[in-house]
Amino acid sequence: MSIEIPQHAQAWKAISRAHANGRAQIDRTLREKGLPSLEIYEALNALVGGPSTAKTLETDLSLPQYAVSRLLDRLERDGLIARSINQQDQRSKTITVTNTGRDVFQAQLDAYNAALAAFLAPRAKPGQLERMAHLLALLGTEPQDE
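With this note's numbering applied, the sequence shown has no gaps in its numbers, which climb one by one up to 964 at the end.
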(Lines of atoms letter the chains of each structure in order from A; the text may use other names.)
(Lines give C-alpha, C1' and ligand atoms only; values in the text may rest on other atoms or scores of the structure.)
Protein backbone atom coordinates (compact mmCIF):
# COMPACT_ATOMS: atom_id res chain seq x y z
CA MET A 819 0.00 0.00 0.00
CA SER A 820 1.40 3.33 -1.05
CA ILE A 821 0.38 6.57 0.61
CA GLU A 822 0.54 9.65 -1.57
CA ILE A 823 2.22 12.56 0.19
CA PRO A 824 0.66 15.91 -0.74
CA GLN A 825 2.88 18.35 -2.62
CA HIS A 826 2.72 20.93 0.19
CA ALA A 827 3.99 18.31 2.67
CA GLN A 828 6.83 17.38 0.31
CA ALA A 829 7.75 21.05 -0.06
CA TRP A 830 7.72 21.62 3.70
CA LYS A 831 9.89 18.55 4.27
CA ALA A 832 12.41 19.78 1.68
CA ILE A 833 12.49 23.27 3.22
CA SER A 834 12.95 21.85 6.72
CA ARG A 835 15.69 19.44 5.63
CA ALA A 836 17.56 22.17 3.71
CA HIS A 837 17.33 24.49 6.71
CA ALA A 838 18.63 21.84 9.11
CA ASN A 839 21.47 20.83 6.76
CA GLY A 840 22.50 24.46 6.19
CA ARG A 841 22.47 25.24 9.91
CA ALA A 842 24.54 22.13 10.61
CA GLN A 843 27.16 23.12 8.02
CA ILE A 844 27.38 26.67 9.34
CA ASP A 845 27.64 25.46 12.94
CA ARG A 846 30.33 22.93 11.93
CA THR A 847 32.32 25.66 10.15
CA LEU A 848 32.09 27.97 13.16
CA ARG A 849 33.21 25.17 15.48
CA GLU A 850 36.13 24.21 13.19
CA LYS A 851 37.34 27.82 13.34
CA GLY A 852 37.08 27.84 17.14
CA LEU A 853 34.18 30.29 17.11
CA PRO A 854 30.97 30.27 19.16
CA SER A 855 27.88 28.50 17.85
CA LEU A 856 25.36 29.65 15.26
CA GLU A 857 22.98 30.49 18.11
CA ILE A 858 25.53 33.02 19.41
CA TYR A 859 26.04 34.41 15.90
CA GLU A 860 22.29 34.91 15.48
CA ALA A 861 22.01 36.70 18.82
CA LEU A 862 24.98 38.97 18.12
CA ASN A 863 23.64 39.64 14.63
CA ALA A 864 20.35 40.80 16.15
CA LEU A 865 22.19 43.01 18.67
CA VAL A 866 25.11 44.43 16.68
CA GLY A 867 22.97 47.15 15.09
CA GLY A 868 22.42 48.90 18.40
CA PRO A 869 21.01 48.49 21.90
CA SER A 870 18.06 46.15 22.34
CA THR A 871 15.92 44.47 24.97
CA ALA A 872 15.25 40.84 25.81
CA LYS A 873 11.67 41.24 24.62
CA THR A 874 12.86 42.44 21.21
CA LEU A 875 15.26 39.49 21.00
CA GLU A 876 12.42 37.06 21.69
CA THR A 877 10.75 38.34 18.53
CA ASP A 878 13.93 38.69 16.44
CA LEU A 879 15.17 35.19 17.28
CA SER A 880 11.75 33.49 17.53
CA LEU A 881 12.71 32.12 20.93
CA PRO A 882 10.72 31.90 24.15
CA GLN A 883 11.60 34.16 27.08
CA TYR A 884 13.39 31.46 29.07
CA ALA A 885 15.67 30.59 26.10
CA VAL A 886 16.54 34.25 25.51
CA SER A 887 17.28 34.68 29.20
CA ARG A 888 19.70 31.72 29.20
CA LEU A 889 21.30 32.90 25.97
CA LEU A 890 21.83 36.41 27.37
CA ASP A 891 23.33 34.97 30.56
CA ARG A 892 25.83 33.04 28.44
CA LEU A 893 26.65 36.03 26.23
CA GLU A 894 27.20 38.22 29.28
CA ARG A 895 29.30 35.55 31.05
CA ASP A 896 31.50 35.32 27.92
CA GLY A 897 31.91 39.11 27.81
CA LEU A 898 30.08 39.49 24.48
CA ILE A 899 27.28 41.73 25.76
CA ALA A 900 26.59 44.10 28.61
CA ARG A 901 23.22 44.66 30.29
CA SER A 902 22.23 47.92 31.93
CA ILE A 903 19.07 49.47 33.32
CA ASN A 904 16.76 50.67 30.53
CA GLN A 905 16.31 54.42 31.05
CA GLN A 906 12.82 54.40 29.45
CA ASP A 907 11.59 51.38 31.43
CA GLN A 908 13.43 50.77 34.69
CA ARG A 909 11.90 47.26 34.89
CA SER A 910 13.86 46.06 31.85
CA LYS A 911 17.49 46.03 30.79
CA THR A 912 19.17 47.44 27.71
CA ILE A 913 21.50 45.00 25.97
CA THR A 914 24.55 46.20 24.08
CA VAL A 915 27.33 44.32 22.30
CA THR A 916 30.79 44.79 23.83
CA ASN A 917 33.94 45.39 21.79
CA THR A 918 34.82 41.73 22.35
CA GLY A 919 31.35 40.80 21.11
CA ARG A 920 31.85 42.89 17.96
CA ASP A 921 35.21 41.21 17.29
CA VAL A 922 33.68 37.74 17.76
CA PHE A 923 30.73 38.67 15.55
CA GLN A 924 33.03 39.88 12.76
CA ALA A 925 35.00 36.62 12.84
CA GLN A 926 31.74 34.67 12.88
CA LEU A 927 30.33 36.73 10.01
CA ASP A 928 33.28 35.87 7.78
CA ALA A 929 32.97 32.16 8.62
CA TYR A 930 29.17 32.27 8.30
CA ASN A 931 29.34 33.78 4.81
CA ALA A 932 31.99 31.26 3.72
CA ALA A 933 29.90 28.36 5.06
CA LEU A 934 26.79 29.62 3.31
CA ALA A 935 28.64 29.95 0.03
CA ALA A 936 30.10 26.45 0.41
CA PHE A 937 26.66 25.04 1.19
CA LEU A 938 24.62 26.83 -1.48
CA ALA A 939 26.95 27.33 -4.45
CA PRO A 940 27.37 23.66 -5.42
CA ARG A 941 23.62 23.09 -5.14
CA ALA A 942 22.37 25.93 -7.35
CA LYS A 943 22.98 27.12 -10.87
CA PRO A 944 23.31 30.84 -11.67
CA GLY A 945 20.01 32.60 -11.02
CA GLN A 946 18.51 29.80 -8.94
CA LEU A 947 19.47 31.31 -5.58
CA GLU A 948 17.70 34.54 -6.46
CA ARG A 949 14.57 32.62 -7.46
CA MET A 950 14.74 30.49 -4.31
CA ALA A 951 15.14 33.57 -2.13
CA HIS A 952 12.15 35.18 -3.81
CA LEU A 953 9.96 32.10 -3.40
CA LEU A 954 10.98 31.53 0.21
CA ALA A 955 10.39 35.22 1.01
CA LEU A 956 6.77 34.66 -0.02
CA LEU A 957 6.41 32.33 2.97
CA GLY A 958 7.13 35.28 5.27
CA THR A 959 4.27 37.37 3.88
CA GLU A 960 0.51 37.22 4.20
CA PRO A 961 -1.23 35.20 1.49
CA GLN A 962 -2.65 37.24 -1.37
CA ASP A 963 -6.39 37.14 -2.04
CA GLU A 964 -7.20 35.60 -5.38
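For glycine and all other residues, C-beta sits at the position ideal for the given N, C-alpha and C. These numbers were taken from a predicted model, which means no experiment stands behind them.
Close beta carbons around residue i, own chain, < 8 Å, minus the five adjacent residues each side
| i | result |
| --- | --- |
| Ser-902 | Lys-911, Thr-912, Thr-914 |
| Ala-872 | Gln-883, Val-886, Ser-887, Leu-890, Ser-910, Lys-911, Ile-913 |
| Glu-894 | Ala-900, Arg-901 |
| Lys-851 | Ala-925, Ala-929 |
| Arg-841 | Leu-856 |
Where the beta strand (DSSP E) containing residue i begins and where it ends
| i | result |
| --- | --- |
| Lys-911 | 911-915 |
Where the alpha helix (DSSP H) through residue i begins and ends
| i | result |
| --- | --- |
| Ser-902 | No alpha helix (DSSP H) holds Ser-902; the beta strand (DSSP E) holding it covers 899-903. |
| Ile-823 | Run containing Ile-823: none; DSSP gives neither H nor E here. |
| Asp-891 | 883-895 |
| Glu-857 | 856-865 |
Closer than 8 Å to chain C by CB, residue i
| i | result |
| --- | --- |
| Thr-918 | The displayed structure is made up of one protein chain only, and chain C is not part of it. |
Local Cβ density within 10 Å of residue i, reported as buried at 16 or more and exposed below that
| i | result |
| --- | --- |
| Ala-861 | buried |
| Gly-919 | buried |
| Ile-821 | exposed |
| Pro-854 | buried |
| Leu-856 | buried |
| Leu-953 | exposed |
| Ile-858 | buried |
| Leu-875 | buried |
| Leu-898 | buried |
| Ile-833 | exposed |
| Ile-823 | exposed |
Beta-carbon proximity list for residue i, same chain, < 6 Å, skipping 5 on both sides
| i | result |
| --- | --- |
| Val-866 | Val-915, Phe-923 |
| Thr-847 | Ala-929, Ala-933 |
Three-way DSSP call (helix, strand, coil) for residue i in this model
| i | result |
| --- | --- |
| Ser-834 | helix |
| Ser-870 | strand |
| Asp-845 | helix |
| Gln-966 | Absent from the structure is residue 966, since the part of the chain shown begins at 819 and ends at 964. |
Beta-carbon contacts of residue i that lie in its chain and below 7 Å, excluding the five residues immediately before and after
| i | result |
| --- | --- |
| Asn-904 | Thr-871, Ser-910, Lys-911, Thr-912 |
| Leu-787 | No answer is possible for residue 787: the residues shown for the chain start at 819 and end at 964. |
| Asp-878 | Ala-864 |
Cβ-heavy atom distance, residue i to the ligand NAP, below 7 Å
| i | result |
| --- | --- |
| Gln-843 | Looking for the ligand NAP in the displayed structure turns up nothing, as the structure carries no ligands at all. |
Inset, instruction - Kindly provide the ranges of any alpha helix (DSSP H) runs that are 4 or more residues long and lie completely inside the segment 917-954, ordered along the chain. - result: If we require 4 residues or more, the alpha helix (DSSP H) runs fully inside the segment 917-954 come out as 917-938.
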